[in-house]
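Have a look at the structure below before the remarks.
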Ligand code: PAF
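In the working numbering, the protein residues as written are 369 to 659.
Dropping the structure here:
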């Protein structure tokens, strides 16, 4: 089976229109490339939900802030195409910045899921989620998928996309795929490449800190919850700092809204973003409170 590769909007749109005319169900995994086992797992999640699988590879300049890693973001198109061929992905959309945004390299129209912009990662990456929502909206308009899969590792991104799809009545089903981890518990990410071998060992501790907080929140009664959470967050941040992380945030939130948790929130998420060496790592643990 060959992978069809399209570099233009017209090319991929013609392909997906043809599939729609044949009543085939189109599944979509948008990526920025440098595909690793975590991405491949997204296709495993997608496959039972569609007849044709489309991947996009586009490092989207709109979602990188000044001084972020847009220039050095790993671009490995040949190797990515090989992996997509192996897993029998049907079509790849890999546009240039010009092909997506024209010669100005930007979009005058922006999509903003306002209450998420300045929360958690949004507070540290100005404009990031506006860039994500804008490009995902545009990719959905181009590819016209029936269903799209996003990793739960980027928990806030998934919440932004679900909100956008609901608010704008977009007719695409969104599936969240559980975070793919290596044997040490480290969540797979293209940015793990910025870690040295020693830092990778430390990075695996991030997940342990999150699981520890989840377990203790689960054991707390309603009346102790608030003080338990604030102690756990303070201790968790101190633990991370001792290990060499520079945490941007560590928090427990309502998993559905990402609003601050309350005793009535049953579905919770422990979220973290922390810098280690040259990498900024994000991770989360999503759970339903047991008591
Ligand atoms: O998660 C990513 O790789 C990107 O944010 C996405 C969803 C492909 C949009 O550029």
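Even glycine gets a Cβ: it sits at the ideal position worked out from N, Cα and C.
For the alpha helix (DSSP H) holding residue i, just list the boundary residues, first then last.
{"i": "residue 579", "result": "573-587"}
{"i": "residue 601", "result": "590-611"}
{"i": "residue 500", "result": "496-511"}
{"i": "residue 450", "result": "445-454"}
{"i": "residue 411", "result": "405-414"}
{"i": "residue 438", "result": "Taken as a continuous stretch (DSSP letters only), residue 438 belongs to no alpha helix (DSSP H), as it is neither H nor E."}
{"i": "residue 382", "result": "377-389"}
{"i": "residue 476", "result": "Run containing residue 476: none; DSSP gives neither H nor E here."}
{"i": "residue 516", "result": "From DSSP, residue 516 is part of no alpha helix (DSSP H) but of the beta strand (DSSP E) over 515-519."}
{"i": "residue 396", "result": "Premise fails: residue 396 lies in the beta strand (DSSP E), 394-399, not in any alpha helix (DSSP H)."}
{"i": "residue 492", "result": "489-492"}
{"i": "residue 485", "result": "482-485"}
Using a 10 Å radius around the Cβ and a threshold of 16 neighbouring Cβ atoms, would you call residue i buried or exposed?
{"i": "residue 506", "result": "buried"}
{"i": "residue 484", "result": "buried"}
{"i": "residue 476", "result": "exposed"}
{"i": "residue 435", "result": "exposed"}
{"i": "residue 400", "result": "buried"}
{"i": "residue 501", "result": "buried"}
{"i": "residue 440", "result": "exposed"}
{"i": "residue 406", "result": "buried"}
{"i": "residue 449", "result": "buried"}
{"i": "residue 493", "result": "buried"}
{"i": "residue 586", "result": "exposed"}
{"i": "residue 564", "result": "exposed"}
{"i": "residue 370", "result": "exposed"}
{"i": "residue 640", "result": "buried"}
{"i": "residue 513", "result": "buried"}
{"i": "residue 555", "result": "buried"}
{"i": "residue 566", "result": "exposed"}
{"i": "residue 490", "result": "buried"}
{"i": "residue 472", "result": "exposed"}
{"i": "residue 546", "result": "exposed"}
Need the endpoints of the beta strand (DSSP E) that residue i sits in, please.
{"i": "residue 540", "result": "Looking at the DSSP string, residue 540 is not in any beta strand (DSSP E), and its letter there is neither H nor E."}
{"i": "residue 616", "result": "614-622"}
{"i": "residue 654", "result": "647-656"}
{"i": "residue 423", "result": "420-425"}
{"i": "residue 465", "result": "Segment 465-469 is the alpha helix (DSSP H) holding residue 465; no beta strand (DSSP E) there."}
{"i": "residue 374", "result": "372-374"}
{"i": "residue 641", "result": "635-644"}
{"i": "residue 461", "result": "459-461"}
Are the C-beta atoms of residue i and some chain C residue less than 8 angstroms apart?
{"i": "residue 639", "result": "Structure shown: chain C not included; a single protein chain is present."}
Spatial neighbours of residue i within its chain, please: CB distance less than 8 angstroms, with the 5 preceding and 5 following residues excluded, ordered by chain position.
{"i": "residue 543", "result": "413, 414, 417, 515, 516, 517 and 518"}
{"i": "residue 535", "result": "481"}
{"i": "residue 452", "result": "371, 403, 423 and 460"}
Spatial neighbours of residue i within its chain, please: CB distance less than 6 angstroms, with the 5 preceding and 5 following residues excluded, ordered by chain position.
{"i": "residue 419", "result": "392 and 393"}
{"i": "residue 511", "result": "384, 396 and 422"}
{"i": "residue 623", "result": "635, 636, 637 and 654"}
{"i": "residue 600", "result": "581 and 584"}
{"i": "residue 481", "result": "501, 528, 531 and 532"}
{"i": "residue 458", "result": "420 and 421"}
{"i": "residue 611", "result": "570 and 573"}
{"i": "residue 629", "result": "620, 621, 622 and 636"}
{"i": "residue 521", "result": "547 and 555"}
Excluding the 5 residues flanking residue i on each side, which residues of the same chain have their C-beta closer than 7 angstroms to its C-beta?
{"i": "residue 487", "result": "626"}
{"i": "residue 579", "result": "653"}
{"i": "residue 455", "result": "408 and 411"}
{"i": "residue 380", "result": "374, 459, 461, 510 and 511"}
{"i": "residue 432", "result": "438"}
{"i": "residue 499", "result": "428, 430 and 431"}
{"i": "residue 642", "result": "574, 608, 613, 614, 615, 616 and 649"}
* Asked: Are the stretch 555-568 and the stretch 646-654 touching, with three or more C-beta to C-beta distances below 8 angstroms?
  -> yes
* Would you check if there are 3 or more beta carbon pairs closer than 8 angstroms linking the stretch 462-480 to the stretch 372-382? => Result yes; three or more Cβ-Cβ pairs closer than 8 angstroms.
* With distances taken from each beta carbon to the nearest heavy atom of the ligand PAF, which residues come in below 6 angstroms, in chain order? -> Those residues are 398, 399, 400, 428, 431, 500, 503, 504, 522 and 525, given in chain order.
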